[in-house]
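*Asks:* Below: one structure in structure tokens.
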Amino acid sequence: MSDPSKPKLFRRILVANRGEIALRVIRTAQEMGIETVAVYSDADRTALHVRRADQAVALGGNKPSESYLDIQKVIDAARRTGCDALHPGYGFLSENEDLAEACKQAGVEFLGPPPHAITVMGDKVEARKCAMQAGVPLVPGLQEDVDAAHLVAAAKQVGYPVMLKAAAGGGGKGIRIVREERQLIEAFELARAEARSSFGDDRVYLEKFVTRPRHVEIQVMADKHGNCVSYGERECSVQRRHQKLVEESPCVALTPELRAAMSKAACDLAKSVGYVGAGTVEFLWSEGRFYFMEMNTRLQVEHPITEMRYGVDLVREQIRVGAGLPVSPVPEPRGHAIEVRVNAEDPDKYFPSLGTVSRINLPGGPGVRLDSAMFRGMEVTPFYDSMLAKLVVHGADREQAIARCLRALRELRIVGVTTSLSVAKRTLESAEFVAGDYDTGILDRIEKRAAPRDRELAMLAAAATRFLLAERAGATVEAAAGKGDQPPRWALLGRTERLRRTMP
Amino acid sequence: MSDPSKPKLFRRILVANRGEIALRVIRTAQEMGIETVAVYSDADRTALHVRRADQAVALGGNKPSESYLDIQKVIDAARRTGCDALHPGYGFLSENEDLAEACKQAGVEFLGPPPHAITVMGDKVEARKCAMQAGVPLVPGLQEDVDAAHLVAAAKQVGYPVMLKAAAGGGGKGIRIVREERQLIEAFELARAEARSSFGDDRVYLEKFVTRPRHVEIQVMADKHGNCVSYGERECSVQRRHQKLVEESPCVALTPELRAAMSKAACDLAKSVGYVGAGTVEFLWSEGRFYFMEMNTRLQVEHPITEMRYGVDLVREQIRVGAGLPVSPVPEPRGHAIEVRVNAEDPDKYFPSLGTVSRINLPGGPGVRLDSAMFRGMEVTPFYDSMLAKLVVHGADREQAIARCLRALRELRIVGVTTSLSVAKRTLESAEFVAGDYDTGILDRIEKRAAPRDRELAMLAAAATRFLLAERAGATVEAAAGKGDQPPRWALLGRTERLRRTMP
Amino acid sequence: MKYFVRLGDEERVIELQRHAGRLTARCGDVVHEVDLALVGDGGAFSLVVDGTSYDVVAEAQREQVVLQMVGERFVLHCEDERERAAHAVAGHKAGGKRELHAAMPGIVIDVRVKVGDAVEEGQTLVVLEAMKMQNPLTAEAAGKVTRVVCKVGEAVAGGAVLLELE
Amino acid sequence: MKYFVRLGDEERVIELQRHAGRLTARCGDVVHEVDLALVGDGGAFSLVVDGTSYDVVAEAQREQVVLQMVGERFVLHCEDERERAAHAVAGHKAGGKRELHAAMPGIVIDVRVKVGDAVEEGQTLVVLEAMKMQNPLTAEAAGKVTRVVCKVGEAVAGGAVLLELE
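Chains as they are written, first to last, in our numbering: chain A, 13 to 516; chain B, 13 to 516; chain C, 2 to 167; chain D, 2 to 167.
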């Protein structure tokens, strides 16, 4: 629905992604009256982003390298369908300067920063140099690529515990913490292997592991006229295996002064590289101080908590600044927002859980938003990452937001795969989270088991479920005999009867 | 999730209702750490409000009069379960002064106004007298009960068209418009019959039918300390058979001055009857002037659009003021909100559509809220009203809200019963609605059929669907022969083959 | 395979053919490239016509197809050429008899006609109460009442015959 | 009917009985009044225990019951007395042989042991790549590798046997 008299910002946007983020972009584009083109792998023929886009182009193949990571195929699809803009989402090619460059060559507006900004920020070592020059504080460590020969000496110099990070990494992938020298070599090899297979670049760097750190990030949006605004922070310290699980905004640890300083640092850094579009500057917070970690040159998974607090649509802003409009004024934030990522995984082992989603009960009511490309009958395959949905809630204050999130978590049910829901629930219920005084280690301290009362109840419910199902199996026979209304007398049937006689 | 050190406002609330509004109340109570008790009829044993409440009490029977309308049963349930408060929802006993009185006797806080306010506002004739005294403008007409003997003369005096309204009515039930004298007697009898069966009170009154009126209502909240606040207006002119279908806030027709005047009139009226809790004062707006229609002494179906704009939880406020707290300060409203009611009905004839809900695809993403007690496998029965869900959206401005609502309407699918979704879609797309210059007659002017392009497409899709299903039926045979990967050659099977030969 | 598709008062002949895996639909002189895929658990389809994508929910019961797409709900009648041929033979025997059905389960509140009455199109014949609303059931065409099957106060099932007309 | 319910390392004996339509559950000395109703299309239940209501989603596959309720997911083993008796007869033959299974479909990235190796509890045996993550599969208990069934670079199905141990 758009005013036909108003010129559209773009005619058609190619969405170079899949899953919930592709759907997220499609939704906003539709609301702006802009057409969308979905691309898809063979495995994704019936995925929701394909069904909801205006056009769909098959890329072929199942592996990301044959489809969503193939720049040439993606650019060809954009050209063939007459797209004048491309949204990369997050992951896949979103932080690939070659795609940004290829878009430029093809005359397609890349809805992200210019190639140079991606190159600099995509390389952790370069990014740290850049931050240093912009006056942004850094964690102590080595900024160069580390090789196996100097590894042991370098780690000793920085002091254990140390972190190994993929230079080309992001989203927590390819990060290892090493607490003792004897673990160092194996961790390094694994980090390199993951870096190679995930990013095609096996450079790894090393830095000191900060104690009790919080992961706090600043959302920025820059336009092509040199303006850059900040939408405040997101607290993302609830992580397992360096993958975020629960995010909230605002962060209870920040004072207004610190928030202003971090926002300024983030905007300064963005401006220093000629940034355009949405970006996130990630900081470590520790004992009242903040240190630059990295800048993600794309929309972040957890952007909806910012949207709920500010009442803005960040994808809309991306599209607007991409079209050359100045950034919109930033509204006053309201209340508190929390996001829970719902992953298909065994919550005990953090193993992916594959299967078919056979039932979904979605939460609803006030202050609840669900971003998901999941549908009943969907296969969870090993080809892509395991996030099924993002549950986002907003409340007038933190207490209400936590209570609302727990309420919505109880309502949300997914059958067919195991999910991380129960871990999120126990995190939000934990005294540590409720107090707000937590750090990136919080998940290691969360109770792994359900409360004893709930466990007893579950055992009763399991027995009652089996009893009812047995009764109903019996009831079918009874109903055929016209006695369906009677309590089914299955005890009289067949060999069950024999056993029953032995009971008191 | 609530701070255990803080005293709870209530220990336990009985929710004397069913459907989405019962669930709505349960959700907020849970978020406040207050237990809830659901009551249910036999037909509702597995209804969502029963499953989501902390406790459940069977009232027995299927008809409302045997269950949700039986004051004694409801009060007994509250007593037996140790409830210290009762929320009546909307409809059923929500505007019954006897329930409010019975609660008082039982020492249970009725989360609504005192019995006297219900009595006065529940009687249209009394309410109009009261409004007149409070200085609120009225539509010309007769304020007394009309009987058949004086009907024809009275209608002639007021002048056609006239409206017949149930004195005890609400929610558009029991209202008839009469344009000519020859329709008057039949309409009067039907209005009386409906009034009797719906409200147990067959008094009907008559007033002039205002031309091109808009239905604009003001949400108020009053506490026990004499304070009354307004949360601005809701525009509810999109109605069929006097049942609202689409509501929005703000109303484009109001100037800030008029809004202030209407808010003041609404608060003055509420204060004049010693009002407590949430209430809605309904006005007719016509050519820049407003006239009092009635006051609904309960939470309104469409309250969520107010919640989304103001970032408040009106049920939470009801509970707070019921517990004796002063009303909270009213935040600044933000953006624009729209609600669409999704009814199980044939959109051409406005007939209820009964059946089993066999599939539900819910909308999601930014700015979308869904309030519903619907679930897959639910029976839509003739016992209760036909509303399945409320789709509520919020956007930064009206244009975005409309576009978002249309986007969400395309996403929402319900299979098993026919719904009013397509009427809402065509309303939101209509030039009249988009321009904002509409009145309560808008639905009569909405295009009844889908666009020609969409109709052609549907015919193609129907043929393709049948073709695919036939192919798959054939493919099963092929797959058994190990040729599943080949395009199924169903044309070679059986008698289909014979027919195929005759085709060009 | 040819399909005869009816939507309201319109009918189209649409011919679907698959060659070497590719599906085409011919509607008059226009040929569309069609890609239709069943989604997950069935009942939903991903339809791509000449590159344009539609999210379709479909219920097909023999020749009746109910579609939800582009924000609309369509109830279509769709027979293939085989079915059409069969119906052509079976047809030609529909008499002038019509029935008034209860559009939904409810309680009969009023019966406004009796056997032998002549009725006009649009005339209210029976009033049915369901979901707290009184719903007048009207004559679809002019005719004569030949039988009254329901009575006031009676609870009737959805689809039940209430009257017979000629 | 008596049920033997196991959740993790806990087991309860729960006896369910219906008399005159009322269902009771005895757990030790405590007797609960239970009302369990199947919801709509099955797979979900409304459970009321002594007046307290729970919204339960259940998947029951023979003796394994997976429940979602109170915001938690429980995987339980639940056998009735008849099944328990049958198992008691069939039991007593589980040997010392164990298998390492692929917890999910993926690609074998590394095999860290060979036949004859002694392994410790928690030792990484195989590294499996799935969903862009490298997942080390570890020994559940100390033992000896008797057979290696997978090789590096191989794509394996979920549940596939990778190694045999003793």
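Ideal Cβ placement from N, Cα and C applies to all residues, glycine included.
Taking the beta strand (DSSP E) that Ile372/A belongs to, which residues open and close that run?
*Replies:* Unbroken beta strand (DSSP E) run through Ile372/A: Arg371 to Asn373.
*Asks:* Taking the CB atoms as reference points, tell me whether Ala180/B and Arg188/B lie closer together than 8 angstroms.
*Replies:* No, these two residues do not count as a Cβ contact at 8 angstroms.
*Asks:* Going along chain B, which residues have a C-beta under 7 angstroms from Val58/D?
*Replies:* Going along chain B, no residue has its Cβ under 7 angstroms from Val58/D, so there is no contact; the nearest lies around 10 angstroms.
*Asks:* Provide the residue span of the alpha helix (DSSP H) that contains Gln412/A, from first to last.
*Replies:* Per DSSP, Gln412/A belongs to the alpha helix (DSSP H) from Arg410 to Glu423.
*Asks:* Starting from Val137/D and walking both ways along the beta strand (DSSP E), at which residues does that stretch end?
*Replies:* Looking at the sequence provided, one finds Pro at residue 137/D rather than Val. Where Pro137/D is concerned, the enclosing beta strand (DSSP E) stretches over Met134 to Thr139.
*Asks:* Return helix, strand or coil for Phe445/B, following the three-state DSSP convention.
*Replies:* Helix.
*Asks:* Between the Cα of Tyr396/A and the Cα atoms of Asn29/A, Asp157/A, Pro19/A and Phe22/A, which residue gives the shortest distance?
*Replies:* The candidate whose alpha carbon is nearest that of Tyr396/A is Asn29/A.
*Asks:* Could one say the Cβ of Ala463/A lies closer than 8 angstroms to chain B's Cβ atoms, at least one of them?
*Replies:* No, Ala463/A lies away from the interface with chain B (no Cβ there is under 8 angstroms from its Cβ).
*Asks:* Anything in chain B within Cβ reach of Arg13/C, meaning under 9 angstroms, just list it in chain order.
*Replies:* Within chain B, the residues near Arg13/C are Glu468, Met471, Leu472 and Ala475.
*Asks:* Can you tell me which of the three DSSP states Gln62/D falls into?
*Replies:* Gln62/D: strand per DSSP, three-state reduction.
*Asks:* Between Pro338/B and Tyr322/B, is the Cβ-Cβ spacing less than 8 angstroms?
*Replies:* No; because the gap between Cβ atoms is not below 8 angstroms, this pair is not in contact.
*Asks:* Answer with yes or no whether the minimum CB distance from Arg113/C to chain B is below 8 angstroms.
*Replies:* With 8 angstroms as the cut-off, Arg113/C does not count as an interface residue toward chain B.
*Asks:* Using only the alpha-carbon positions, how far apart do Leu48/D and Val66/D sit?
*Replies:* Taking the straight line from one Cα to the other gives about 15 angstroms.
*Asks:* Given a limit of 8 angstroms on CB to CB distance, which residues of the region 202-218 of chain B reach chain C?
*Replies:* Here the close residues are Leu202, Ala205, Glu206, Ser209 and Ser210.
*Asks:* Since Phe395/B meets chain D, which of its residues come closer than 9 angstroms, beta carbon to beta carbon?
*Replies:* Within chain D, no residue comes near Phe395/B; the closest Cβ sits about 16 angstroms away, beyond 9 angstroms.
*Asks:* If you run the structure through DSSP and keep just helix, strand and coil, what is Lys256/A?
*Replies:* The answer is strand: DSSP assigns Lys256/A an E or B state.
*Asks:* In the DSSP output, what is Gln145/B paired with across the bridge?
*Replies:* DSSP, once it has assigned bridges, lists no residue as partnering Gln145/B.
*Asks:* Mind checking whether Ile110/D and Leu129/D have CB atoms under 8 angstroms apart?
*Replies:* It is a contact, given that the beta carbons lie within the stated cut-off.
*Asks:* When we look at the beta-carbon of Ala143/C and count the other beta-carbons within 10 Å, is it buried (16 or more) or exposed?
*Replies:* Exposed is the call here.
*Asks:* What residue does the beta strand (DSSP E) around Lys177/A start on, and which one ends it?
*Replies:* Looking at the DSSP string, the run of the beta strand (DSSP E) that includes Lys177/A is Val174 to Ala178.
*Asks:* Identify every residue that forms a DSSP beta bridge with Asp383/A.
*Replies:* DSSP lists Lys402/A as partners of Asp383/A.
*Asks:* Anything in the region 358-383 of chain A with a Cβ closer than 9 angstroms to a Cβ of chain D? List those residues in chain order, please.
*Replies:* Hits within the stretch, in order: Asp358, Pro359, Lys361, Tyr362, Phe363, Pro364, Ser365, Leu366, Gly367, Ser370, Arg371 and Asn373.
*Asks:* Use the C-beta contact count for His20/C: other C-beta atoms within 10 angstroms, 16 or more gives buried, fewer gives exposed.
*Replies:* Exposed, since its Cβ has fewer than 16 Cβ neighbours within 10 Å.
*Asks:* Measuring only the C-alpha atoms, how far is Asp30/C from Ile15/C?
*Replies:* C-alpha separation (whole angstroms): 10 angstroms.
*Asks:* Examine the Cβ distances between the region 308-318 of chain A and the region 393-409 of chain A and report whether three or more of them are shorter than 8 angstroms.
*Replies:* These segments touch.
*Asks:* Helix, strand or coil for Arg169/D per DSSP?
*Replies:* Since the first and last residues shown for chain D are 2 and 167, residue 169/D lies out of range.
*Asks:* Based on DSSP bridge pairs, tell me the residues matched to Ile108/C.
*Replies:* According to DSSP, Ile108/C bridges with Glu130/C and Ala156/C.
*Asks:* For Asp466/B and His102/C, I'd like the C-alpha separation in whole angstroms.
*Replies:* Asp466/B and His102/C: Cα-Cα distance of roughly 30 angstroms.
*Asks:* Please list, in chain order, all residues of the same chain as Leu138/C whose beta carbon is under 8 angstroms from its beta carbon, the five residues on each side excluded.
*Replies:* The answer, listed in chain order, is Leu101, Ala103, Ala104, Thr125, Leu126, Val127, Val128, Leu129 and Leu163.
*Asks:* Among all the DSSP beta bridges, which residues are the ones paired with Val392/A?
*Replies:* Paired residues: Gly367/A.
*Asks:* Going by DSSP in three states, Leu37/C sits in which element: helix, strand or coil?
*Replies:* Residue state, collapsed to three classes: strand.
*Asks:* If you measure beta-carbon to beta-carbon, which residues of the region 30-59 of chain B are closer than 8 angstroms to chain D?
*Replies:* Within the region 30-59 of chain B, the residues whose Cβ lies closer than 8 angstroms to some Cβ of chain D are Ala50, Arg57 and Thr58, listed in chain order.
*Asks:* So with CB distances below 7 angstroms, who are the chain B contacts of Gly347/A?
*Replies:* Those within 7 angstroms of Gly347/A in chain B are Gly323.
*Asks:* Tell whether a beta-carbon distance below 8 angstroms holds between Val232/B and Cys240/B.
*Replies:* Yes. Within cutoff.
*Asks:* Determine, using beta carbons only, whether Gln412/B comes closer than 8 angstroms to chain A.
*Replies:* With 8 angstroms as the cut-off, Gln412/B counts as an interface residue toward chain A.
*Asks:* For Ile46/B, name the three-state secondary structure that DSSP assigns.
*Replies:* Reduced to three states, the DSSP call for Ile46/B is coil.
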